[in-house]
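> With numbering that gives the first Met the number 0, the residue at position 85 of the sequence shown is 84, and numbering never jumps. Glycine included, C-beta positions come from ideal geometry on N, C-alpha and C. Below is one structure. I have some questions about it.
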Amino acid sequence: MEQDQPKYNRKRLAAFGALVLLLALILFLIWWWTRPTAPRSTVQQQPVPQNVVTLPPEQVTPPVPQVPPKQITEGEQVITNLARNFTERYGSFSTDNNYQNLKELSPFITSKLRSQFEKTITGSAGSQVFRGVTTKALNVLITSLTESRASVTVTAQRVETVADQQAIVTYAKLALTMVKQGPYWYVDSAEWKDRP
């Protein structure tokens with residue numbers, strides 16, 4: 000009778016052991032590549048210079064004293080605000096509002112300028128084509144100032160629209176004369192300069 004061979008012979012066990020070792024090696028390599036690593040130090044050592052050069056001490060310049068901005072007085076502030084508001088209202092109008100901008104300025108102007116505005120309002124003919132102008136005061140410069148009179152130049156940006164045409168942007172200066180009546184300042188005259 001033939002002898003039964005054992006189920007597990009040496010060759011099979013050796014092959015199985017090699018397979019287990021190979022599998023363990025693969026798992027170890029996967030773990031090695033995917034494990035978190037500590038950041039490497041990026042500090043590089045500087046080579047020691049052979050020839051050291053000594054520089055002269057740095058010249059220290061004293062700081063330049065800052066000139067404080069000119070303090071504006073309360074009267075100048077009132078004049079500046081009046082000039083800015085007047086320019087923006089006076090220069091902004093449309094054919095649809097029937098000179099409402101001039102009517103709104105009545106409390107801020109002298110009787111002389113009020114009569115000029117009234118002549119402008121009554122002497123104008125209505126326009127069939129829409130026209131509108133929006134004015135923004137950019138800079139206010141008080142050119143002369145006494146206790147009762149002031150001359151002011153206002154630089155303004157004007158955006159004009161006529162009918163359906165593209166808006167036109169221009170820049171102009173408005174020369175204002177102001178007078179003080181009692182405690183209040185009023186605009187006495189207004190004239191556009193450099194207007195196209």
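Mind checking which residues open and close the beta strand (DSSP E) that includes Y185?
Stepping through the sequence shown from its first residue, residue 185 is reached at position 186. First-last of the beta strand (DSSP E) with Y185: Y183 to K192.
> Pairing CB atoms from the segment 77–86 with CB atoms from the segment 134–145, are three or more of them under 8 Å?
As far as the Cβ criterion goes, the segment 77–86 touches the segment 134–145, which means the pair count is three or higher.
> Ignore the nearest five residues each way along the sequence and tell me which others in T160's own chain have a CB closer than 6 Å to its CB.
Counting from 1 along the sequence shown, the entry for residue 160 is found at position 161. The answer, listed in chain order, is G131 and A166.
> Check whether the segment 101–115 and the segment 69–79 touch, using three or more Cβ-Cβ pairs below 8 Å as the test.
Because the criterion of three Cβ pairs below 8 Å is not met, the segment 101–115 and the segment 69–79 do not touch.
> To the nearest angstrom, how far is the alpha carbon of R34 from that of L20?
As a first step, residue 34 is located in the sequence shown; it is residue number 35 there, counting from the start. As a first step, residue 20 is located in the sequence shown; it is residue number 21 there, counting from the start. Their backbone Cα atoms lie some 21 Å apart in a straight line.
> Per DSSP, what kind of secondary structure is R11 in: helix, strand or coil?
Numbered from its first residue, the sequence shown carries residue 11 at position 12. Residue state, collapsed to three classes: helix.
> What is the DSSP secondary structure of L26, reduced to helix, strand or coil?
Your numbering for residue 26 matches position 27 in the sequence shown. DSSP places L26 in helix when its eight states are reduced to three.
> Relative to the C-alpha of G90, which residue among E117, N96 and T134 is closest?
Translated into positions along the sequence shown, residue 90 becomes position 91. Ranking the options by Cα distance to G90, first place goes to T134.
> With a 10 Å radius around its C-beta and 16 neighbouring C-beta atoms as the bar for buried, classify R11 as buried or exposed.
Counting from 1 along the sequence shown, the entry for residue 11 is found at position 12. By the 10 Å Cβ count, R11 comes out exposed.
> Which of the three DSSP states, helix, strand or coil, is assigned to N97?
Translated into the one-based positions of the sequence shown, residue 97 becomes position 98. Coil.
> Output the boundary residues of the beta strand (DSSP E) element that contains G131.
Sequence index remark: in the sequence shown, residue 131 carries index 132 (1-based). Counting along the chain, the beta strand (DSSP E) containing G131 begins and ends at R130 to L144.
> If distances are taken between C-alpha atoms only, which option among T79, I78, R113 and I120 comes closest to Y98?
Counting from one through the sequence shown, the residue named residue 98 turns up at place 99. Considering only alpha carbons, the answer is I120.
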